[in-house]
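Engineer: Let me give you the structure first, and then I'll get to my questions.
Numbering (this note's numbering), first residue to last: 161 to 279.
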């Protein structure tokens, strides 16, 4: 999860962990890209507005990198903007969710449908 607001990141991460998912949190786009280069993930939950690198530039870089381009990315944001939603889809986002409309438990239930399976 790449989310700059610590309280939001921990709220979602806690519920995801309780649901049996391993979660790593980066608090800005630069840290998220560093983690992506060093790790292997089944899913990336990505905020849009963050300090340093914004979510759209992170999404574009993940999509172009041979290491991460197959990873499903779900945008989790407060921006209900059709143009941003469309741009995220063009860049390869699997979904675009509004934080105000998806509760942590709902997100945990949706994760298995998005996550890539290994093996």
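Every residue gets a Cβ at the ideal spot worked out from N, C-alpha and C, and that includes glycine.
Helix or strand or just coil, what does DSSP make of residue 204?
Structural biologist: It is a strand residue.
Engineer: What does a CB cutoff of less than 6 Å around residue 279 pick up in its chain, not counting 5 residues either side in sequence?
Structural biologist: At residue 279, the pLDDT of 39 sits below 50, so the modelled position is not reliable and the matter cannot be decided from this model.
Engineer: Return helix, strand or coil for residue 169, following the three-state DSSP convention.
Structural biologist: Residue 169 falls in the helix class under three-state DSSP.
Engineer: Counting Cβ pairs closer than 8 Å, one from the segment 225-241 and one from the segment 269-276, do we hit at least three?
Structural biologist: Using a C-beta cut-off of 8 Å, the segment 225-241 makes contact with the segment 269-276, since at least three inter-stretch Cβ pairs fall below that distance.
Engineer: When you compare the CB positions of residue 218 and residue 193, do they come within less than 7 Å of one another, or not?
Structural biologist: yes
Engineer: Would a check of beta-carbon distances place residue 167 closer than 7 Å to chain D?
Structural biologist: Protein chains in the displayed structure number just one, and chain D is not present.
Engineer: Would you kindly work out how many angstroms separate the C-alpha atoms of residue 179 and residue 188, rounded to a whole number?
Structural biologist: 24 Å
Engineer: What residues in its chain sit with their C-beta under 6 Å from that of residue 204, if we drop five residues either side in the sequence?
Structural biologist: 231 and 233
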